[in-house]
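Residue numbers (the UniProt record's numbering): 6 to 257. From the three backbone atoms N, C-alpha and C, an ideal C-beta is built for every residue, glycine too.
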Ligand code: NDP
């Protein structure tokens, strides 16, 4: 039987855990060949083995997306081994909230380097493939992971929220630029999803605030977001779901 993403070539960044890992599995399940990108090679190998065991097709590429040359090499490898990518789930990111007066400039820079520069490096490396694939196959998708932090106000999240506001606005602008070339651009803005994201938070106050939120709501799962990625990519070529906000039912 035909699956919704048969014949498509997907690339997922941040695929070694959380939302990216779940999305890679789901896109493969829907029929896409999937290239999975992150730094932890062992985790990617396990993921590829799992996808293949379930009848899917995948390849791992260990790469740090903040390294533009490395991402370009990854893009060249995808083109050579799978053909031009027609779906990029641009998802790697990090969240490090802390009061601004603590001046954690290392953490500010880390978030900007990954959430903005890494995201743009990946777009730069793959955009020509997306356009080429769209010309050949009728449509391609660039799906960026933003956040509810791009829309709502969370005290002590200013730098993270700023990076995600960049992702949301840049996605809107790029949709208008790439739409005429049949490349759809979407942003997904999730509320809280239980992943490794929270484990990187060093600020005690922010950790407590995140932990306490579990008392008042059930966090989303990575699979909830993976379903949305699959839904966006499987829409008819004329329809571009521009932005989706997915909240835990109990999150204000
Ligand atoms: P995880 O921490 O589980 O996943 C982050 C992924 O990014 C990992 O696969 C990590 O792999 C990868 N990564 C980190 N640094 C780099 C790098 N330099 N180069 C390549 N890959 C890198 O978190 P989530 O799944 O939650 O996060 C995915 C996205 O979702 C992020 O953009 C996040 O901001 C966003 N988001 C998450 C929400 C949540 O509540 N969880 C809510 C809203 C948005 P590795 O370390 O192996 O490189």
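Buried versus exposed call for residue i [16 or more other C-beta atoms within 10 Å across all chains shown]
{"i": "residue 126", "result": "buried"}
{"i": "residue 105", "result": "exposed"}
{"i": "residue 31", "result": "buried"}
{"i": "residue 186", "result": "exposed"}
{"i": "residue 95", "result": "buried"}
{"i": "residue 165", "result": "buried"}
{"i": "residue 59", "result": "exposed"}
Segment limits, alpha helix (DSSP H) that includes residue i
{"i": "residue 182", "result": "163–183"}
{"i": "residue 133", "result": "124–142"}
{"i": "residue 57", "result": "46–58"}
{"i": "residue 212", "result": "209–218"}
{"i": "residue 78", "result": "73–87"}
Nearest-angstrom Cβ-Cβ length linking residue i and residue j, presumed shorter than 8 Å
{"i": "residue 1", "j": "residue 40", "result": "In the structure as shown, the chain begins at 6 and stops at 257. Residue 1 is therefore absent and cannot be evaluated."}
{"i": "residue 80", "j": "residue 62", "result": "Not quite, the Cβ-Cβ distance comes to about 18 Å (not below 8 Å), so this is no contact."}
{"i": "residue 101", "j": "residue 112", "result": "4 Å"}
{"i": "residue 84", "j": "residue 75", "result": "About 15 Å; that fails the 8 Å criterion."}
{"i": "residue 151", "j": "residue 169", "result": "5 Å"}
Residue i versus residue j: straight-line alpha-carbon distance, rounded
{"i": "residue 128", "j": "residue 149", "result": "10 Å"}
{"i": "residue 131", "j": "residue 234", "result": "18 Å"}
{"i": "residue 139", "j": "residue 10", "result": "14 Å"}
{"i": "residue 49", "j": "residue 82", "result": "16 Å"}
{"i": "residue 99", "j": "residue 123", "result": "11 Å"}
{"i": "residue 42", "j": "residue 93", "result": "11 Å"}
{"i": "residue 206", "j": "residue 244", "result": "37 Å"}
{"i": "residue 247", "j": "residue 230", "result": "15 Å"}
{"i": "residue 45", "j": "residue 175", "result": "28 Å"}
{"i": "residue 73", "j": "residue 146", "result": "21 Å"}
{"i": "residue 133", "j": "residue 117", "result": "24 Å"}
{"i": "residue 218", "j": "residue 88", "result": "44 Å"}
{"i": "residue 240", "j": "residue 171", "result": "25 Å"}
{"i": "residue 153", "j": "residue 162", "result": "11 Å"}
Terminal residues of the beta strand (DSSP E) in which residue i lies
{"i": "residue 63", "result": "62–67"}
{"i": "residue 249", "result": "248–251"}
{"i": "residue 238", "result": "Unbroken run through residue 238 is the alpha helix (DSSP H), 227–239; no beta strand (DSSP E)."}
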